[in-house]
């Protein structure tokens with residue numbers, strides 16, 4: 016199924032008058048604060064977020080998985096689903112592939128399909144946290160950090176293979192996340208495991224094309240619960256510095272211990288020019304992979320406040336980060352969940368764009384704590400949804416994506432085309 020422009024126009028006609036009035040009011044309110052609403056809309060139009068190929072089907076837990084029906088059964092269908100998202104929202108203009116879940120069998124055909132859908136290829140993702148069919152050696156006790164040099168060699172070669180797939184598709188980066196770690200004291204030597212990991216990453220880094228980047232993800236626990244080899248941003252930062260100027264830290268919002276000040280991590284990494292990528296999700300307890308902004312919207316906004324400040328004051332020449340959603344859709348229609356996440360991300364970005372930077376700076380210089388808080392909360396409490404709607408409208412998308420998704424009966428159409436028992440590849 017593909018959405019045509021007449022579908023968009025048909026739905027927008029229903030709500031255009033209400034939107035135009037809301038946008039006019041919002042524009043006037045922002046003008047009173049010397050904020051150019053049209054300039055904010057333009058930045059929102061340019062902001063694109065990658066959809067991971069593994070997030071288009073129902074997720075699951077170790078207790079079970081419940082299909083939504085009409086799930087994409089191959090990479091081509093996954094691209095079509097992202098095309099649906101992008102047609103509605105005009106903000107999902109990239110896909111991030113996970114290998115070997117979504118190996119492109121015909122790279123040229125996949126590139127052509129993506130081009131027709133106005134989609135580019137974001138970071139490639141390797142997988143050394145699962146044993147694959149016909150794999151010679153197992154990763155039960157680690158991959159890039161493994162005590163056995165042959166296991167490390169196998170894991171390194173897999174990452175190099177992932178790079179080759181990415182080159183064929185036009186990607187420019189690879190993300191490495193390791194499950195490596197231990198569940199019991201004495202299981203491994205911390206220093207040796209880290210050294211093995213660094214050496215393995217150096218081999219991968221040596222194979223990076225000149226215009227590529229390598230993102231190093233971190234996570235404090237799971238699947239191991241006593242130690243993780245790359246357990247925090249500091250270890251990722253250390254490894255990225257050791258590797259060179261094409262290596263960066265990647266921040267996943269779910270990969271932190273409770274109450275971690277993620278916005279401060281973001282600020283520090285950008286200060287040193289080492290923030291490479293972002294995986295968006297939300298959580299209550301751990302790596303819950305819930306819909307972005309569903310639990311901690313204020314934290315998401317504060318993170319974007321640091322991102323916007325960092326990009327506007329980019330003294331370390333930090334590249335524009337790679338943005339990606341990394342969530343699991345156990346209960347909702349995956350496409351609806353992704354639409355809600357796209358909306359939450361852009362909402363937090365818009366709120367951060369309207370912060371009174373000079374007023375906040377002056378409050379900080381004068382240690383005026385109350386005014387600083389008021390300025391941040393004023394932007395957060397401003398209803399910027401009309402800005403997001405205007406950005407979609409100007410880009411050819413729909414004013415209200417979730418309502419349009421249901422109005423067009425998209426899930427029912429997908430079930431009709433693909434059946435009710437299809438299962439997408441991935442976890």
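In the working numbering, the protein residues as written are 16 to 442. Cβ atoms here follow ideal geometry from the backbone N, Cα and C, with glycine treated the same way.
In the DSSP assignment, what are the bridge partners of residue i?
{"i": "residue 232", "result": "265"}
{"i": "residue 339", "result": "65 and 294"}
{"i": "residue 252", "result": "Residue 252 is not bridged to any residue."}
{"i": "residue 344", "result": "Residue 344 pairs with nothing; no bridge assigned."}
{"i": "residue 110", "result": "66 and 136"}
{"i": "residue 305", "result": "297"}
{"i": "residue 190", "result": "140 and 230"}
{"i": "residue 79", "result": "76"}
{"i": "residue 243", "result": "196"}
Near residue i, what residues of its chain come up, given a Cβ to Cβ distance below 6 Å and the 5 sequence neighbours on each side ignored?
{"i": "residue 284", "result": "264 and 290"}
{"i": "residue 272", "result": "235"}
{"i": "residue 88", "result": "437"}
{"i": "residue 439", "result": "71, 72, 86 and 87"}
{"i": "residue 278", "result": "317, 318 and 321"}
{"i": "residue 144", "result": "194"}
Going by CA-CA distance only, name the one from the options that's closest to residue i.
{"i": "residue 82", "options": "350, 337 and 327", "result": "350"}
{"i": "residue 353", "options": "210, 367 and 110", "result": "110"}
{"i": "residue 311", "options": "268, 323 and 282", "result": "268"}
{"i": "residue 208", "options": "246, 187 and 224", "result": "246"}
{"i": "residue 20", "options": "339, 390, 419 and 440", "result": "419"}
{"i": "residue 115", "options": "149, 203, 215 and 323", "result": "149"}
{"i": "residue 394", "options": "367, 65 and 383", "result": "367"}
{"i": "residue 57", "options": "372, 292 and 106", "result": "106"}
{"i": "residue 108", "options": "60, 117 and 123", "result": "60"}
{"i": "residue 282", "options": "294, 270, 266 and 78", "result": "266"}
{"i": "residue 67", "options": "32, 259 and 117", "result": "117"}
{"i": "residue 102", "options": "134, 78, 41 and 92", "result": "134"}
{"i": "residue 301", "options": "427, 248, 331 and 275", "result": "275"}
{"i": "residue 65", "options": "137, 79, 37 and 52", "result": "137"}
{"i": "residue 203", "options": "163, 392 and 293", "result": "163"}
{"i": "residue 431", "options": "190, 260 and 84", "result": "84"}
{"i": "residue 53", "options": "63, 62 and 38", "result": "38"}
{"i": "residue 306", "options": "328, 335, 339 and 329", "result": "339"}
{"i": "residue 259", "options": "233, 227 and 435", "result": "227"}
My understanding is that residue i touches residue j, with C-beta atoms under 8 Å, so please give their C-beta distance in whole angstroms.
{"i": "residue 193", "j": "residue 158", "result": "6 Å"}
{"i": "residue 139", "j": "residue 178", "result": "7 Å"}
{"i": "residue 257", "j": "residue 229", "result": "Contact flag wrong, Cβ pair sits at about 12 Å."}
{"i": "residue 30", "j": "residue 412", "result": "That pair is no contact at about 13 Å."}
{"i": "residue 357", "j": "residue 16", "result": "With 8 Å as the limit, residue 357 and residue 16 do not qualify as a contact, their Cβ atoms being about 19 Å apart."}
{"i": "residue 128", "j": "residue 94", "result": "5 Å"}
{"i": "residue 174", "j": "residue 219", "result": "5 Å"}
{"i": "residue 359", "j": "residue 308", "result": "3 Å"}
{"i": "residue 225", "j": "residue 288", "result": "Residue 225 to residue 288, Cβ: 18 Å. No contact."}
{"i": "residue 348", "j": "residue 295", "result": "Wrong, their Cβ atoms sit about 18 Å apart, outside the cutoff."}
Whose C-beta lies closer than 8 Å to the C-beta of residue i among residues of the same chain, with five residues either side of it excluded?
{"i": "residue 119", "result": "90, 112, 125, 180, 183 and 184"}
{"i": "residue 369", "result": "45, 48, 50, 55, 394, 397 and 399"}
{"i": "residue 325", "result": "281, 282, 285, 286, 290 and 333"}
{"i": "residue 387", "result": "375, 378 and 379"}
{"i": "residue 75", "result": "81, 343, 345 and 442"}
{"i": "residue 142", "result": "113, 114, 115, 116 and 173"}
{"i": "residue 414", "result": "26, 27, 30, 31, 34, 404, 407 and 408"}
{"i": "residue 252", "result": "264, 284, 287 and 289"}
Any beta carbon of chain D sitting closer than 9 Å to that of residue i?
{"i": "residue 371", "result": "No chain D appears in this structure, which consists of one protein chain only."}
Leaving aside the five residues before and after residue i along the sequence, list all residues of the same chain whose C-beta is less than 7 Å from its C-beta, in chain order.
{"i": "residue 422", "result": "26"}
{"i": "residue 222", "result": "175 and 178"}
{"i": "residue 244", "result": "160, 193, 195, 196, 208, 209 and 212"}
{"i": "residue 122", "result": "183 and 184"}
For a test of your reading of the model: does the CB of residue i fall under 8 Å from any non-hydrogen atom of the ligand GDP? Yes or no.
{"i": "residue 186", "result": "Here there are no bound small molecules, and the ligand GDP is not part of this structure."}
Next on the checklist: Between the stretch 392 to 412 and the stretch 39 to 46, can you find at least three pairs of beta-carbon atoms closer than 8 Å?
Outcome noted: Three or more beta-carbon pairs drawn from the stretch 39 to 46 and the stretch 392 to 412 are found closer than 8 Å, and the two stretches are therefore classed as touching.
Next on the checklist: Can you confirm whether the stretch 364 to 378 touches the stretch 20 to 33 when touching is taken to mean that 3 or more C-beta pairs between the two stretches lie within less than 8 Å?
Outcome noted: The answer is no - the stretch 364 to 378 does not touch the stretch 20 to 33, with fewer than three Cβ pairs under 8 Å.
Checklist entry - On the three-pair Cβ rule with 8 Å, is the stretch 199 to 209 touching the stretch 235 to 245? => result By the C-beta criterion, the stretch 199 to 209 is judged to be in contact with the stretch 235 to 245, since at least 3 inter-stretch pairs fall below 8 Å.
Checklist entry - Quick one: any contact between the stretch 361 to 368 and the stretch 304 to 322, if contact means 3 or more CB pairs under 8 Å? => result At 8 Å Cβ cutoff, the stretches touch.
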